[in-house]
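For the sequence shown, position 312 matches number 308 in the working numbering, and the numbering has no gaps at all. Where is the CB? At the ideal position from N, CA and C, for every residue including glycine.
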Amino acid sequence: MDCWREAEGKRVHDPFYYCYSRGDSSCKAAKTAATAAAGEGEMFVRVEGPLIVGAGPSGLAVAACLKEKGVPSVVLERSDCIASLWQHKTYDRLRLHLPKQFCELPHMPFPPSFPTYPTKQQFLAYLEAYVRHFDINPVFNQAVDSAEYDHKLGLWRVRTTAQKGVQGKEKEAAPVEYVCRWLVVATGENAEIVIPDIEGMEEFNGPVVHTSAYRRGDAFRGKKVLVVGCGNSGMEICLDLCNYDAHPTLVVRDAVHVLPREMLGSSTFGLSMWLMKWLPVRTADRLLLLLSRLTLGDTARFGLERPQLGPLELKVLSGKTPVLDVGTLAKIKSGDVKVRPAIKRLIGHGAQFINERTENFDAIVLATGYKSNVPSWLKDGEHFSEKTGMPRRPFPYGWKGEHGLYAVGFTQRGILGASMDAKRIAHDIEQHWNARDHVKQPAIFSRLPAMP
-3 MDCWREAEGK RVHDPFYYCY SRGDSSCKAA KTAATAAAGE GEMFVRVEGP LIVGAGPSGL
57 AVAACLKEKG VPSVVLERSD CIASLWQHKT YDRLRLHLPK QFCELPHMPF PPSFPTYPTK
117 QQFLAYLEAY VRHFDINPVF NQAVDSAEYD HKLGLWRVRT TAQKGVQGKE KEAAPVEYVC
177 RWLVVATGEN AEIVIPDIEG MEEFNGPVVH TSAYRRGDAF RGKKVLVVGC GNSGMEICLD
237 LCNYDAHPTL VVRDAVHVLP REMLGSSTFG LSMWLMKWLP VRTADRLLLL LSRLTLGDTA
297 RFGLERPQLG PLELKVLSGK TPVLDVGTLA KIKSGDVKVR PAIKRLIGHG AQFINERTEN
357 FDAIVLATGY KSNVPSWLKD GEHFSEKTGM PRRPFPYGWK GEHGLYAVGF TQRGILGASM
417 DAKRIAHDIE QHWNARDHVK QPAIFSRLPA MP
């Protein structure tokens, strides 16, 4: 009797026995998520095509490219909408930093009526139209807890937790396990915010906010604001603060390339790509820096030292993007934006810098960027670095891993790089998809309830 009891106990925790015994072969994405959210027990679902984790521009691009090739896919998204970073964690005045032709997703251009540099709202409208055009239906509120390749089955097992809002709060619901042959990691480089470890931060008496929570400068009107980080976001937030009569101070910890957004009547990015097509990188860099000095002057005079490497070479070797100036440098020159070196420590009402200078501030904005969170859930130490969360192989080789694993949105080359990888991934999966009838499938795979 005890042996039967033991066997029955093991069956209860066997997902494949559970799915087989149910005999449900018509499990739909929304129904699965809803059932799990209602707490009706753990769900196990097979995905016929690729499973894409992330419904940002990168994930949507892969789904669209696959759709064009007749390959179905399922897109999981932890938030309640597509492009959640753009919708929930960006400031209001944000525009695309590059001309729209370099930010299009595959198979669908921007409307001709859009300006050269679309606004945040226009870009989101474009993404919504993209989703409708390709009939992409992400499964929202599905946070991936773990993804692991099962070598015995030859399949990926992706475990998620559905989130259900209850009276404005998030409630952990029943888990769902997806089983698939191909897994596309599309969570990108900007999945989690980066909070620097600054001595004395807990002693500072004013508000400290990350740019992900910053919308516009009206809340800081008349206040002295310390902006930590001099990338594109930090520079543009300083400009926004000036427009709302705040008094920003920019912390520049490292050397940085600041270039005008346009040169010689063309976008700096477009000009850079044209120069690199015909000239060695270092020669192109010298020309860009010469044109930049003629346009902006010597930025080192204002506390913005340039790195030893040129902007293009630095981008290729480290992925560090130059700042494209949209007006902040003029504010620095006029004194409306002050520049300070790295912070030594924070104090109750201000900060002490490494040059021993101390100043008072009312608030701090951390423009310290984001990072990948892939190592926290993908149980694969081969393709992604545990330290950086980025593919170990550099662009353009980081899009493909082993056992049907793919990565998109990790090129450090923005939407253009993601679109290039999306096309490669769709083409590669299409080859396997077309040959799938000739490949022996794990017997258990056909027994799991399907998700189209």
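### Query
Terminal residues of the continuous beta strand (DSSP E) containing residue 243?
For the purposes of this step, residue 243 is identified with residue 247 of the sequence shown, where counting begins at 1. Note, residue 243: beta strand (DSSP E), 243 to 247.
### Query
With respect to the beta strand (DSSP E) encompassing residue 147, which residues constitute its N-terminal and C-terminal limits?
The residue given as residue 147 occupies position 151 in the sequence shown. Where residue 147 is concerned, there is no enclosing beta strand (DSSP E), given that its DSSP letter is neither H nor E.
### Query
Beta-carbon separation of residue 182 and residue 48 under 7 Å?
Within the sequence shown, residue 182 is the residue found at index 186, counting from 1. Within the sequence shown, residue 48 is the residue found at index 52, counting from 1. In contact: residue 182 and residue 48 (Cβ atoms closer than 7 Å).
### Query
Can you list the beta strand (DSSP E) stretches of 3 or more residues lying completely in the segment 172 to 204, in chain order?
179 to 181
### Message
Please give me, in chain order, every unbroken run of the beta strand (DSSP E) with length at least 3 that falls completely inside the segment 361 to 430.
### Response
401 to 403
### Task
Drop a sphere of 10 angstroms on the beta-carbon of residue 217, count the other beta-carbons inside from all chains shown, and report buried for 16 or more, exposed for fewer.
Counting from one through the sequence shown, the residue named residue 217 turns up at place 221. So residue 217 ends up on the exposed side.
### Query
Can you list, in chain order, the residues of its chain whose CB lies under 6 Å from that of residue 411, leaving out five sequence neighbours each side?
Your numbering for residue 411 matches position 415 in the sequence shown. Closer than 6 Å at Cβ, skipping near neighbours: 53 and 99.
### Query
Considering only C-alpha positions, which residue in the set 286, 86 and 195 is nearest to residue 189?
Working through the sequence shown from its first residue, we reach residue 189 at position 193. Selected option, being the one with the closest Cα: 86.
### Query
Ends of the beta strand (DSSP E) at residue 348?
In the sequence shown, residue 348 corresponds to position 352, counting from 1. Here the beta strand (DSSP E) through residue 348 covers 346 to 349.
### Message
I need the boundaries of the beta strand (DSSP E) containing residue 137, first residue and last residue.
### Response
Within the sequence shown, numbered from 1, the residue matching residue 137 stands at position 141. Note, residue 137: premise wrong, no beta strand (DSSP E); not H, not E.
### Query
Alpha carbon to alpha carbon, how far is residue 405 from residue 358?
Numbered from 1 along the sequence shown, position 409 holds the residue referred to as residue 405. Numbered from 1 along the sequence shown, position 362 holds the residue referred to as residue 358. Between residue 405 and residue 358, the C-alpha separation is close to 37 Å.
### Separation of residue 119 from residue 428, as counted between CA atoms
The residue given as residue 428 occupies position 432 in the sequence shown. The residue given as residue 119 occupies position 123 in the sequence shown. Rounded to the nearest angstrom, the two C-alpha atoms are 33 Å apart.
### Query
Since residue 254 and residue 193 are thought to touch, with beta carbons under 8 Å apart, how far apart are those beta carbons, to the nearest angstrom?
Counting from one through the sequence shown, the residue named residue 254 turns up at place 258. Counting from one through the sequence shown, the residue named residue 193 turns up at place 197. With 8 Å as the limit, residue 254 and residue 193 do not qualify as a contact, their Cβ atoms being about 26 Å apart.
### Task
From the DSSP output, in three-state form, read off residue 357 for me.
As a first step, residue 357 must be located in the sequence shown, where it is residue number 361. Three-state DSSP puts residue 357 in coil, outside helix and strand.
### Query
Leaving out the 5 sequence neighbours to the left and right, which residues in its chain are closer than 7 Å to residue 413 when beta-carbon positions are compared?
Position 417 of the sequence shown holds residue 413. Within the same chain, residue 413 has close Cβ partners 391 and 407.
### Task
Mark residue 377 as exposed unless 16 or more other C-beta atoms lie within 10 angstroms of its C-beta, in which case mark it buried.
Reading the sequence shown from its first residue, position 381 is the one you call residue 377. Answer is exposed; the Cβ neighbour count stays below 16.
### Query
From 263, 220, 73 and 136, pick the residue whose C-alpha is nearest to that of residue 113; which is it?
As a first step, residue 113 must be located in the sequence shown, where it is residue number 117. Comparing Cα-Cα distances from residue 113 to each of 263, 220, 73 and 136, the minimum goes to 263.
### Outcome for residue 270 when other beta-carbon atoms lying within 10 angstroms are tallied against a minimum of 16
For the purposes of this step, residue 270 is taken as residue 274 along the sequence shown, with counting starting at 1. Result: exposed.
### Message
My output table needs one value for residue 251: the three-state DSSP class, helix, strand or coil.
### Response
Translated into positions along the sequence shown, residue 251 becomes position 255. Looking at residue 251 - three-state DSSP - the assignment turns out to be coil, as it is neither helix nor strand.
### Message
What residue range does the beta strand (DSSP E) around residue 219 cover?
### Response
Looking up residue 219 in the sequence shown gives position 223. Run containing residue 219: none; DSSP gives neither H nor E here.
### Environment of residue 152 [buried if 16+ CB atoms lie within 10 Å]
The residue you call residue 152 lines up with position 156 of the sequence shown. With 16 or more Cβ atoms within 10 Å of its Cβ, residue 152 is classed as buried.
### Query
What number of angstroms, rounded off, separates the C-alpha of residue 18 from the C-alpha of residue 383?
Start at 1 with the first residue of the sequence shown, and residue 18 comes out as number 22. Start at 1 with the first residue of the sequence shown, and residue 383 comes out as number 387. For residue 18, the predicted structure reports a pLDDT of 36, less than 50, and the residue's modelled location is therefore unreliable. A value from the coordinates is still provided. The straight-line gap from Cα to Cα measures roughly 42 Å.
### Message
Please classify residue 258 as buried or exposed, where buried requires at least 16 neighbouring CB atoms within 10 angstroms.
### Response
In the sequence shown, counting from the first residue as 1, residue 258 sits at position 262. So residue 258 counts as buried.
### Cβ-Cβ separation, residue 313 to residue 305 (assumed contact under 8 Å), whole Å
Reading the sequence shown from its first residue, position 309 is the one you call residue 305. Reading the sequence shown from its first residue, position 317 is the one you call residue 313. Right, the Cβ-Cβ distance comes to about 7 Å (below 8 Å), so this counts as a contact.
### Message
Applying the 10 Å Cβ sphere with the 16-neighbour rule, what's the burial state of residue 84?
### Response
Residue 84 sits at position 88 when you count from the first residue of the sequence shown. Per the 10 Å Cβ criterion, exposed.
### Proximity of residue 61 and residue 431 at Cβ, strictly below 7 Å
Within the sequence shown, numbered from 1, the residue matching residue 61 stands at position 65. Within the sequence shown, numbered from 1, the residue matching residue 431 stands at position 435. Result no, Cβ atoms of residue 61 and residue 431 do not sit closer than 7 Å.
### Task
Mind checking which residues open and close the alpha helix (DSSP H) that includes residue 47?
Reading the sequence shown from its first residue, position 51 is the one you call residue 47. Counting along the chain, residue 47 falls outside any alpha helix (DSSP H), though it belongs to the beta strand (DSSP E) covering 47 to 49.
### Query
Quick one, which of 111, 418, 310 and 424 has its alpha-carbon nearest residue 101's?
The sequence position of residue 101 within the sequence shown is 105, counting from 1. Ranking 111, 418, 310 and 424 by Cα distance to residue 101 puts 418 first.
### Query
Buried or exposed: residue 228, going by 16 or more other Cβ atoms within 10 Å of its Cβ?
Here residue 228 refers to the residue found at position 232 of the sequence shown. When all chains shown are included, residue 228 counts as buried.
### Task
Work out the CA separation of residue 352 and residue 79 for me, nearest whole Å.
The sequence position of residue 79 within the sequence shown is 83, counting from 1. The sequence position of residue 352 within the sequence shown is 356, counting from 1. Approximately 42 Å, taken between the alpha carbons.
### Query
Got a sec? Which residues, its chain only, sit under 7 Å from residue 65 by beta carbon, not counting five neighbours each side?
As a position in the sequence shown, residue 65 is number 69, starting the count at 1. Cβ within range, chain order: 422 and 426.
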